[in-house]
Every structure is written in structure tokens, then in C-alpha cells.
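Which chain is which? The protein sequence lines are A, B, C and D, in order. In this text, residue positions in the first sequence follow my numbering: the first is 92, and each later residue adds one. In this text, residue positions in the second sequence follow my numbering: the first is 92, and each later residue adds one. In this text, residue positions in the third sequence follow my numbering: the first is 8, and each later residue adds one. In this text, residue positions in the fourth sequence follow my numbering: the first is 8, and each later residue adds one. From the three backbone atoms N, C-alpha and C, an ideal C-beta is built for every residue, glycine too. On a predicted model such as this, the values are computed, not experimentally measured, just so you know.
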Amino acid sequence: MDTRFFVTWMEEITTAVHAGRDRLTRLDAAIGDADHGANLDRGFTAVAEALAARPPGTPGAVLVLAGTTLIRKVGGASGPLYGTAFREMGRALGEAPDVPVAALASALEAGLAGVRRLGGAEDGDKTMVDALAPAIRALARCAGEGGEPEEAFAAAAAAAEEGAKATVPLVARKGRASYLGPRSAGHEDPGAASTVLIVGALGTAAARRRPRTG
Amino acid sequence: MDTRFFVTWMEEITTAVHAGRDRLTRLDAAIGDADHGANLDRGFTAVAEALAARPPGTPGAVLVLAGTTLIRKVGGASGPLYGTAFREMGRALGEAPDVPVAALASALEAGLAGVRRLGGAEDGDKTMVDALAPAIRALARCAGEGGEPEEAFAAAAAAAEEGAKATVPLVARKGRASYLGPRSAGHEDPGAASTVLIVGALGTAAARRRPRTG
Amino acid sequence: MKKLINDVGSVVTDTLRGVAAAHPSLRVDIENKIIFRRDAPRPGKVGLVSGGGSGHEPLHGGYVGYGMLDAACPGEIFTCPVPDQIVEATTGVNGGAGVLHIVKNYTGDVLNFEMAAELSGDEGVEVMGVLVDDDVAVRDSLYTAGRRGTGAALFVEKIAGALAESGAPLAEVARVGREVNARSRSFGVALTACTTPAAGMPTFELGGAEIELGIGIHGEPGRARAPHRKARELVRVAMDAIDDDLPLSGETLVMVNGMGGTPLMELYIVFAEVAAYLEEKGATAARRLVGDYVTSLDMQGFSVTTCALTDELARLWDAPVETPALRWGR
Amino acid sequence: MKKLINDVGSVVTDTLRGVAAAHPSLRVDIENKIIFRRDAPRPGKVGLVSGGGSGHEPLHGGYVGYGMLDAACPGEIFTCPVPDQIVEATTGVNGGAGVLHIVKNYTGDVLNFEMAAELSGDEGVEVMGVLVDDDVAVRDSLYTAGRRGTGAALFVEKIAGALAESGAPLAEVARVGREVNARSRSFGVALTACTTPAAGMPTFELGGAEIELGIGIHGEPGRARAPHRKARELVRVAMDAIDDDLPLSGETLVMVNGMGGTPLMELYIVFAEVAAYLEEKGATAARRLVGDYVTSLDMQGFSVTTCALTDELARLWDAPVETPALRWGR
Ligand SMILES: Nc1ncnc2c1ncn2[C@@H]1O[C@H](COP(=O)(O)OP(=O)(O)O)[C@@H](O)[C@H]1O
Ligand SMILES: Nc1ncnc2c1ncn2[C@@H]1O[C@H](COP(=O)(O)OP(=O)(O)O)[C@@H](O)[C@H]1O
Ligand SMILES: [Mg+2]
Ligand SMILES: [Mg+2]
Ligand SMILES: [Mg+2]
Ligand SMILES: [Mg+2]
């Protein structure tokens with residue numbers, strides 16, 4: 092995947108987050124403070140603007156700019172966490188002009204490590220980690236099997252989706268939802284839900300870049 | 092009517108106002124400040140207590156004590172107005188130990204004059220005056236015709252009722268309802284409604300004093 | 008109805024217990040329902056007494072203290088105090104120089120304060136009164152109860168209080184109080200009704216996109232129901248009404264007041280528009296208050312009160328004041 | 008949703024315009040969303056910076072001024088500020104003696120302030136932090152985000168601010184701030200949810216006789232839903248939770264705080280019960296605040312915050328302060 096792909100990925104995230112804004116906010120209203128949709132919508136709108144204003148030259152630079160913009164614009168818990176994730180991904184990609192799926196998977200792994208380091212969340216704490224970690228595993232597995240990127244992205248999206256759904260019965264141990272104690276069970280984690288959109292946008296970006304014919 | 096009758100009248104008012112409290116408050120909520128029921132309930136409860144604590148020796152003394160108590164306990168517009176009405180009535184009765192209907196009618200006339208002097212309301216301003224004035228006219232008319240007190244009281248109650256109903260279409264020109272301007276039309280005046288209870292209690296007091304047989 | 012109360016019947020008394028516990032600078036006579044300055048009466052100083060229905064907190068109890076009121080008489084919720092209570096407050100703050108009654112223009116308040124003034128006179132206290140009637144939503148006329156008293160009560164209390172503190176005689180204090188009232192105008196807007204503990208339900212029902220224009224401070228509906236709109240446009244309605252009645256110009260004392268349930272954030276948004284409006288008219292917001300000062304229980308909405316300052320009024324406004332709700336210079 | 012706003016997107020900016028117009032003692036950087044003391048930076052004085060989501064007014068902007076904060080960074084509604092904004096505030100108030108960050112313990116606030124502290128360090132500003140985590144409704148544990156920061160933020164700002172004003176060095180100011188936090192506890196109760204402009208509807212639904220116990224300040228539900236009851240009993244629930252965590256005794260600083268939509272009257276009723284509870288425990292309400300200090304937009308409810316005073320803390324609490332929302336001694 093080239094620089095253009097990564098810009099498209101960011102655009103697709105922006106579109107998906109904007110469309111999903113109200114749902115994310117509703118999820119956050121149930122166990123948080125009703126701003127997750129607004130936070131990410133504001134953040135990715137700024138990312139799209141930043142990319143348009145100063146188009147970066149490498150996939151890594153796209154992700155670093157996106158991450159920095161999220162840190163600067165979002166606030167909340169998700170701003171530094173997603174921001175750090177994208178920055179670490181970008182750094183992992185270095186100057187590479189083209190990124191195979193396997194390299195993307197390792198970069199995402201680096202991003203996840205950043206999230207873990209900053210937020211201290213373990214698997215099953217009912218956070219974005221619970222969607223991101225299985226998505227990365229799926230992506231890495233497909234890359235190892237040497238399939239098409241589209242297949243890998245679809246598998247990652249499905250795994251993220253499943254991971255997010257699996258947060259429903261969990262009791263939150265990190266973030267704002269943890270204040271609710273046992274009452275946090277029975278609701279999907281908003282950050283896991285937004286991770287589904289972010290991972291899912293890989294597939295839509297790929298589809299947009301290579302429109303299928305007939 | 093003797094001193095005992097006037098004490099009974101006050102008791103009947105207390106009962107009627109207590110039972111009608113919510114309705115008076117609802118009427119006041121529509122065009123005032125939702126306290127008329129609470130005001131009069133507090134006031135007449137205090138009147139009943141005062142009469143029980145220091146039973147007066149004449150009809151006039153009963154009314155003066157009732158009026159003074161209302162002034163001391165009610166506040167609002169209705170406190171001084173009804174308080175003055177009863178005090179003026181009591182003064183008009185002087186030391187008389189027994190009060191015929193005609194004398195009661197003149198005493199009520201003196202009470203009404205007090206209300207007019209204090210509040211400056213004319214007929215048709217959508218106030219308690221609009222129920223009290225016709226009630227007194229009916230009472231005086233019956234007294235002139237020499238009928239039974241019960242008949243006179245029934246006529247007075249009917250006139251008060253009619254007067255109160257007639258306040259519905261009026262635009263208020265005095266009291267809190269006047270602030271609403273044209274929007275005060277379409278609602279019964281709460282003070283007129285409480286006057287209906289006060290005048291109506293004359294009849295129930297008389298009935299209680301002379302229980303009908305079979 | 009969910010309220011932080013113990014019993015509907017003890018709301019005012021329980022409030023006074025809290026005021027007494029919270030403010031050692033006050034002496035609260037709970038039985039007679041009077042909030043006194045602890046050092047009242049002050050010999051030789053004109054005493055200031057105000058009062059009115061409860062439910063407008065911090066009015067009036069929050070304005071008792073140095074440089075403002077000597078006593079406040081809270082009535083039941085939205086019901087003015089009774090004469091006995093006012094007489095007790097009046098004699099209790101009389102330091103020999105007479106007492107000023109600051110009365111908001113409502114039939115009940117006027118009647119009860121008049122009776123109290125007469126009775127206090129019988130007890131040898133010289134009493135003068137200032138009638139506050141600043142609300143431009145109500146048209147004044149010979150045939151009505153006249154304009155309501157709302158936010159300007161606070162202005163009168165502060166400015167007359169400062170003059171009294173300086174040792175001025177009763178007639179002077181009354182004169183300045185009346186001048187403040189004459190130069191003040193208010194207009195109020197409700198987004199929601201309020202719920203009195205006794206009624207237990209909202210005093211009126213408003214649709215999700217409806218508001219009341221020209222409300223008073225007792226949860227009564229306003230002069231007109233209208234569609235909700237942007238803060239900027241609501242401010243224009245309120246300020247136009249004020250400006251039509253007394254054109255805005257020069258140094259102006261401005262209060263943007265919440266009705267009890269309005270977030271402070273929204274009051275600042277309103278204030279930004281009020282300041283812009285004044286500038287447009289060539290006036291300046293020379294002195295400013297933004298917050299809950301004269302409320303209607305839990306109502307959401309706002310009112311604006313303006314006072315065209317003179318040098319004397321500005322100086323008295325700036326003079327030190329130390330009360331629970333207004334404090335500066337000490 | 009009926010709110011006094013112009014546009015959902017401009018709520019914070021419009022608020023800041025109002026703050027700027029209302030308080031000439033402040034300098035408001037509207038673009039960067041920072042409220043500064045007009046005289047910041049003060050050479051040689053430790054700078055105090057706090058911030059957090061908007062919607063808690065007067066926290067934090069209302070506490071900027073002499074003897075308290077040097078700058079406040081308001082984020083979007085219920086969303087903490089971003090690092091750039093905090094860095095700008097930090098460098099803007101640095102008078103060479105370093106800057107104290109006062110941070111409420113929420114994942115977002117902690118992360119964003121940490122990033123800002125690092126970046127400010129890069130720019131040569133010495134930064135120390137005080138983490139406020141006073142809310143006993145949340146059980147602290149290694150495996151959770153820890154206790155929330157709520158009302159004690161105001162106590163830390165006042166007391167650390169007074170020490171900074173006296174010229175104390177950064178480490179001392181941080182030390183006293185941490186001591187205040189360690190001695191403070193809070194518990195909150197909601198009668199209603201609040202409505203954020205972005206969501207446009209209440210953050211949760213409560214039945215007509217239900218309340219939430221152990222709420223935070225972001226309109227989130229509490230630890231438990233429970234039936235509504237008398238103020239006296241609600242206060243007992245809140246105070247028991249505090250007393251269980253840190254037994255109440257001696258001279259206590261107490262705040263009864265409204266959540267934004269609570270009538271002041273009800274807060275006084277609550278305060279009366281809080282004072283009675285303290286007395287029962289042999290403690291005294293030696294310093295008191297009753298009112299809206301740390302709010303959640305239009306939520307109805309209250310919180311109680313206590314701080315076990317020492318002589319030093321009492322003296323610093325009493326020291327002069329001059330901010331829009333807290334003012335005495337000047
Ligand atoms: N410590 C953490 N580690 C990982 N993710 C976290 C952590 N804390 C919160 N999150 C994620 O952030 C999401 C909330 O983001 P957002 O609502 O934007 O921020 P805030 O909670 O500050 O309002 C949660 O749903 C969760 O997925
Ligand atoms: N000037 C007046 N003259 C006669 N009656 C009046 C006058 N003003 C008010 N009233 C009566 O008082 C009633 C309201 O009483 P109440 O609600 O107890 O007092 P308030 O208006 O002070 O709350 C009105 O319905 C009206 O009948
Ligand atoms: Mg959130
Ligand atoms: Mg009434
Ligand atoms: Mg009334
Ligand atoms: Mg948030």
C-alpha cells in the first residue's frame with residue numbers, strides 16, 4: 092500500500108466516524124460521558140484537513156501527521172491513545188514508500204504497544220485494546236498465509252467487530268466506564284466500537300483504490 | 092346567628108379550603124404563582140387554631156380574630172385582603188351577640204369595602220371582588236324578602252359561584268394575573284374561586300348547626 | 008417531584024437552618040423567619056429591610072451584610088412575608104436613624120409591607136419605602152397592578168446599602184434607592200417552568216421547542232409563548248424591550264441572571280451577546296454581574312437587568328460589600 | 008434540547024467571549040481557549056494551571072485570579088483540554104519559578120496533562136503536578152483508573168494558590184496541594200441527568216422517584232440507582248461514605264456543591280444536614296461553601312466535599328482571593 096492508500100484510509104475513517112458519531116456518543120452516554128463521537132469526529136475532521144493542507148510524502152508520514160493531529164485536537168482519553176497509536180505506527184513504517192500487509196500488521200502492533208504503555212490496559216479491561224488486539228492478530232495471520240490485502244482487511248474487520256461485541260458483558264477496569272463498576276457490564280465499549288470503524292476503513296479504502304469492475 | 096355559628100362558619104371554611112387546596116393552587120398556577128391553595132390552607136388552619144386557643148365571646152370578635160390571623164399568617168395578596176375583609180366585618184358587627192341575615196349582609200358589605208379600599212379592584216377586574224360582590228347582593232336581597240337564613244345562604248353561594256365562573260373570560264386588571272395581559276382570559280380567578288368556598292361555608296355551617304331530621 | 012428537602016412543610020425553616028449554619032456573619036431568627044446582620048442594629052445607621060417570597064435565592068437573605076441589607080424576611084415559597092415578620096425585622100434593625108423597606112411591586116408584597124410600615128410607625132420607627140418595578144415586560148397603567156419588581160431589587164439593595172453604610176440619613180438613602188429603580192429595567196425569558204414543592208409539578212408546560220418571553224420571577228407564564236431560538240436572538244428580544252422603554256446609553260450596570268436551573272456556561276454565552284448589543288447602542292457594560300442572583304427555584308432561563316449609572320451610583324456600586332452572595336472590597 | 012446557545016459547535020468559544028466581556032481582570036485567549044490572569048506571568052511566582060472539560064463552570068475559569076489560578080484551560084464539553092493548549096498556558100504563566108499543574112484524575116486529563124508537562128519541559132519550564140482524586144464513590148485499586156477528581160480540585164487551587172501568592176517555591180506549593188488532596192473526600196448524588204449540547208438529550212434516564220448515588224461530574228450514571236428520599240437521609244449516605252473512608256474529626260472545610268440545576272435553597276437544606284452530621288461526629292464545619300462550584304451542566308443534585316484542616320491549610324484558605332467565583336479579603 093502506498094502513500095495514497097494511507098491518505099484514503101484516513102479519509103474513510105473520517106467518513107465512517109462522522110457517520111457513526113451519534114452511535115459512538117450513545118455508547119459513551121451509557122457508560123461514559125457522551126462525547127466519544129464528538130471527540131473523534133472533531134479529531135478526524137482535523138486529520139483530513141491537515142492531510143489536505145500538508146500532503147505527506149510517505150505512508151509513515153501520513154500516520155505520524157494523523158496521530159499528532161489527534162493528540163492536538165481530540166483531548167479526552169481517546170485523543171492521546173489513538174494519537175499515540177498512529178504516531179507509533181508511522182514511526183514503525185519509517186521511510187518505506189510502499190507497505191505490504193505484513194509490515195502494516197507489525198506497525199499496528201507497535202501502535203497497540205503504545206496504547207498499552209500509555210493507558211496500561213490489559214486484554215479484557217473493556218477498552219479499544221479488546222478490538223484492536225484481535226484485529227492485528229487476524230491481519231498478521233492472513234499476511235503470513237500470503238492472501239490478498241482485501242482478504243486480510245476483511246478478516247481484521249471481522250475480528251475487531253467480534254472483539255468489540257465481546258466487550259459487552261465485561262466489567263470495565265480502565266477509563267471512565269470503570270467508575271460504574273459492575274454497572275458497566277451489558278454495554279459495548281465506545282472505544283472498541285470506534286476501533287471497529289478504524290479497522291473497517293482499511294477495507295473500504297482498499298475497495299475505493301481498486302474499484303472492482305462488473 | 093350566634094357566636095357558635097360564626098365559629099362553625101370558620102371551621103367549615105377551613106375544611107372546604109383544605110379540601111379545595113389543590114384546585115385553588117392549580118387555578119393559581121395557570122395565571123398566578125401556584126400558591127393560593129397553600130396560602131389559604133395555612134391561613135385558615137391557623138384561624139381554627141386561634142379560635143380553639145382563645146374562643147372569642149361575640150360574632151364580631153370571632154371575625155376580627157380570624158381576620159387578624161389571616162393577615163399574620165398568609166402573606167401574599169390574599170392574606171391582607173381576606174384578613175381585612177374579616178376584620179372589617181367583625182368591626183361592623185360590634186358587640187352584637189346575635190346577628191340576623193340582614194346585619195350579616197351589611198357586615199359583608201363593610202368587608203368588601205375594605206377589600207376595595209386596600210386593593211383598588213373594580214368589578215370585572217377578575218378578582219375575589221367578582222364573586223364577593225354578587226354574593227352580598229344576593230344575601231341582602233333575600234334578607235330583605237325575609238326568608239330563612241338557609242335560603243339566603245344558598246342564594247349567596249349560587250351568586251358567588253356564578254360570579255366566579257364569570258371571571259373566566261375576563262382579562263385580569265389587578266393582582267398577579269394582570270401581568271399575563273390577554274393570556275389571563277380563559278381561566279377562573281383563584282381568589283374568586285376561594286370566595287365561593289368561603290360563602291358556600293355559610294350554608295354548610297347552618298346545616299351543621301341545625302341538622303335536618305328524616 | 009424530586010427535591011432535596013425533608014418535608015414540604017419545613018422547606019423555608021430548613022433553608023434558614025442551613026443559612027445559619029453556613030454564615031456566622033448572619034444571625035438567623037428561625038422562628039420569626041428573619042435573617043439579620045449579626046451586628047444589627049447599628050446605632051445611627053439607617054436600617055435596610057427587604058423580603059419577599061422564598062424561592063428567589065440568593066435574594067434576599069444572600070444580600071444581608073456589610074454595605075447592603077440589615078435584615079431579610081423570607082416568606083413561604085413565592086409568597087411574600089407577613090406583616091408581623093416585617094415589623095419584627097424593622098424594629099430589630101432600627102438603630103435610631105429609621106428603616107428603609109425595599110419592596111418589589113407585587114400586590115401582596117406592597118400590601119404586607121404597607122401594613123408593616125404602619126405598625127412599625129406605631130412602635131416609633133420611622134419607615135420609608137422604595138418600590139421596585141423594573142420589569143418592562145409588563146405595561147404600566149393606572150388600571151393594572153403596574154410593573155413587577157425583579158432584578159433591580161439587588162441593585163437598589165447594593166447601592167442604597169452602600170449609602171446607608173456611609174452614614175447618610177433615611178431620606179437620602181430612599182432617594183438614591185428610588186433613583187436606582189428609576190434608571191433600571193429588566194426582561195426575562197424562560198426555557199422551562201419551575202416546580203414549587205407545594206404544587207409538586209411544573210407551573211406550566213412548555214413544548215420542546217417553546218419558550219416564554221417576558222416572565223416574572225414566580226414561575227408564572229410570560230407575556231407570550233414563542234419558538235425557541237439562538238441565544239443571540241433571544242438577547243435581542245430582551246434588550247430591544249429594555250431599550251424601547253429606556254434607551255440604553257453610557258455607562259451601564261448590567262446583570263445577566265440565571266433563573267436557578269441555568270448552567271453558568273449559558274449565562275456567559277448570553278452575556279457575550281448582551282455586551283455586543285450594548286456596544287451597538289453606544290453604551291458600555293461598565294459594571295457586570297453574571298450568575299444566579301434572583302432566581303425562580305429550578306427554572307431554566309435568564310433575565311437581563313440594566314441600570315444607567317451616574318458617577319454617584321457607580322461609586323456606591325463599587326463600595327465594599329460583604330454578604331454571602333455579593334462580596335468585594337473587604 | 009433547549010439551551011441558551013448560538014451553535015452547538017461554538018459553545019465553548021461563545022462562553023469564553025462572555026467570560027472575557029464580563030471580567031476585565033482576566034485575559035482570555037479565545038483562539039487557544041485559555042483564561043489567564045491579566046497580570047500573568049508574575050516574575051518569581053509559581054504559576055498555577057488547571058483545566059478540564061467545560062461544563063463544570065465556574066471550575067476552572069472562575070478560579071483564575073489573585074491567590075488562586077494563573078490560567079485555566081477549558082476543553083470541549085466534558086472533554087479535557089489538548090496538550091498544545093496546556094503547553095501554551097504553562098509557558099504563558101511561567102514567571103521563572105516553575106508551574107504547577109492541578110489535574111483531576113481521569114484517564115484523559117492525566118494523559119493530556121502528562122504530554123503537556125513533557126512538552127513544556129522541553130521548552131524549559133519546570134512543571135510539577137498535583138493529581139486530585141477525592142471521590143470516595145469509586146474504589147481505588149491497582150487494576151482500575153483509580154478515584155475520580157471532583158470538588159477537591161477547588162480546595163487544592165485555593166490553598167496552593169495562596170501559598171504560591173506568598174512566594175513559596177514550586178516544590179512547597181506542590182507539597183501543600185497534595186496534602187489538601189490527601190485530606191479531602193467527596194461524594195455526589197444526582198436527581199436528574201444532564202444534557203450535553205452535542206448529545207441533545209439527557210445522558211441517562213431516571214424515573215420520577217429514582218436517584219443516582221456516587222456520581223462523578225460528567226453526567227455519567229453513579230455507582231447505584233436508588234429510591235429518592237429525604238435530604239437528611241441522602242446526606243447520611245454521602246457523609247457515611249466519606250466518613251468510612253477518612254473518619255471526620257476536628258476542623259473541617261466543607262463544601263455543599265450544586266450540580267448546576269439545583270436551587271440554592273435546596274443546597275442550604277442539604278448544608279443544614281451536613282453540619283448536623285459533622286457535629287454528631289465531633290467535627291466542626293470550620294470553613295464553609297454552599298453553592299454551585301463544580302457543576303455538570305444542568306444536572307440537579309449535590310455533592311459534598313470535606314477537607315480535614317490543619318492550621319496551615321486554614322490560614323491559606325482564609326488568605327485573600329480575588330477571582331470571578333471566589334472572593335474575599337480584597
Ligand atoms: N486506559 C485506557 N487504555 C485504553 N483505552 C482506554 C483507556 N481509557 C479509556 N480508553 C478508551 O477510550 C474510550 C473513551 O474515549 P473518549 O470518550 O473519547 O474519552 P473520555 O473517556 O475521556 O471521555 C473508552 O471507550 C476506551 O475504549
Ligand atoms: N388588588 C386586588 N384586589 C382584590 N383582589 C385581589 C387583588 N390582587 C389579587 N387579588 C386576589 O388575590 C388572589 C391571589 O391570591 P394569592 O395567590 O394568595 O396571592 P399572590 O397573588 O400574592 O400569590 C387573586 O386570584 C385575586 O382574586
Ligand atoms: Mg467520553
Ligand atoms: Mg398566588
Ligand atoms: Mg404568591
Ligand atoms: Mg470526555
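Asked                                                                                                                           : Found
Residue-level contact to chain D via CB, glycine 62 of chain C, 8 Å cutoff                                                      : yes
Close beta carbons around histidine 225 of chain D, own chain, < 6 Å, minus the five adjacent residues each side                : Phe85
Cysteine 233 of chain A - partner residues in DSSP beta bridges                                                                 : For cysteine 233 of chain A, which the question treats as bridged, DSSP gives no partner whatsoever.
Per-residue DSSP class, three states only, for alanine 326 of chain D                                                           : coil
With 16 other Cβ atoms within 10 Å as the buried cut-off, status of glycine 305 of chain B                                      : Any reading at glycine 305 of chain B must be qualified, since the residue scores a pLDDT of 40, below 50, and its modelled position is unreliable; the value itself is stated next. When all chains shown are included, glycine 305 of chain B counts as exposed.
Cβ distance (whole Å) where valine 242 of chain D is taken to contact tyrosine 284 of chain D below 8 Å                         : 6 Å
Own chain, CB closer than 7 Å to phenylalanine 96 of chain B, minus 5 neighbours either side, in chain order                    : Ala296 and Arg300
Reference glycine 277 of chain B; option with closest CA among B:Val262, B:Gly185, B:Lys164 and B:Arg267                        : B:Val262
Glycine 151 of chain A (DSSP reduced to helix, strand or coil)                                                                  : helix
Serine 173 of chain C to arginine 294 of chain C span [Cα, whole Å]                                                             : 21 Å
Proximity test, histidine 127 of chain A beta-carbon vs ligand 3 heavy atom, cut-off 7 Å                                        : yes
Arginine 45 of chain D burial status per 10 Å Cβ neighbour count (16 or more: buried)                                           : exposed
Contact set between phenylalanine 85 of chain C and chain B, taken where Cβ atoms lie within less than 8 Å                      : Asp124, Ala125 and Asp126
Endpoints, the beta strand (DSSP E) within which alanine 124 of chain D is located                                              : First-last for alanine 124 of chain D: 114 to 129, but that is the alpha helix (DSSP H), not the beta strand (DSSP E).
Neighbour flag for lysine 164 of chain B against chain C, beta carbons, 8 Å                                                     : yes
Alpha helix (DSSP H) segment containing proline 281 of chain A, residue limits                                                  : 281 to 300
Distance between arginine 274 of chain A and arginine 239 of chain D (C-alpha atoms, nearest Å)                                 : 27 Å
Member of B:Ala243, B:Met92 and B:Leu161 whose CA lies at the smallest distance from the CA of threonine 136 of chain B         : B:Leu161
Any C-beta of chain A under 8 Å from that of asparagine 119 of chain D                                                          : yes
Same chain only: Cβ atoms within 8 Å of serine 256 of chain C, ignoring 5 sequence neighbours per side                          : Lys288, Gly289, Ala290 and Ala315
CB of alanine 2 of chain D within 8 Å of CB of phenylalanine 194 of chain D, strictly                                           : Here chain D covers residues 8 to 337 and nothing more, so residue 2 of chain D does not appear.
Sufficient close CB pairs (3 or more, under 8 Å) joining the segment 194 to 214 of chain D to the segment 265 to 272 of chain D : yes
Residue-level contact to chain A via CB, glycine 115 of chain D, 8 Å cutoff                                                     : yes
Min CB distance tyrosine 270 of chain A to chain D below 8 Å                                                                    : yes
The beta strand (DSSP E) enclosing leucine 33 of chain C, as first and last residue numbers                                     : 33 to 36
Listed by chain order, chain B residues near proline 90 of chain C by CB distance under 8 Å                                     : Ile162, Arg163 and Pro171
Rounded straight-line distance, which links the Cα of leucine 220 of chain D to that of asparagine 158 of chain D               : The sequence as given places glycine at residue 158 of chain D; asparagine does not occur at that position. Distance between the alpha carbons of glycine 158 of chain D and leucine 220 of chain D: 16 Å.
N-terminal and C-terminal residue of the beta strand (DSSP E) that alanine 176 of chain A is part of                            : Unbroken run through alanine 176 of chain A is the alpha helix (DSSP H), 169 to 184; no beta strand (DSSP E).
Test: arginine 192 of chain D CB closer than 8 Å to a CB of chain A                                                             : no
Which listed residue (D:Ala47, D:Gly69 and D:Pro90) has its alpha carbon closest to that of alanine 332 of chain D              : D:Gly69
Where serine 256 of chain C sits in the DSSP three-state scheme                                                                 : coil
Near ligand 3: aspartate 309 of chain A beta-carbon under 7 Å from a heavy atom                                                 : In this structure chain A extends from 92 to 305, so residue 309 of chain A is not present and cannot be described.
Short-range partners of chain A found in the segment 196 to 207 of chain D, where Cβ spacing is below 7 Å                       : Thr203, Ala205 and Ala206
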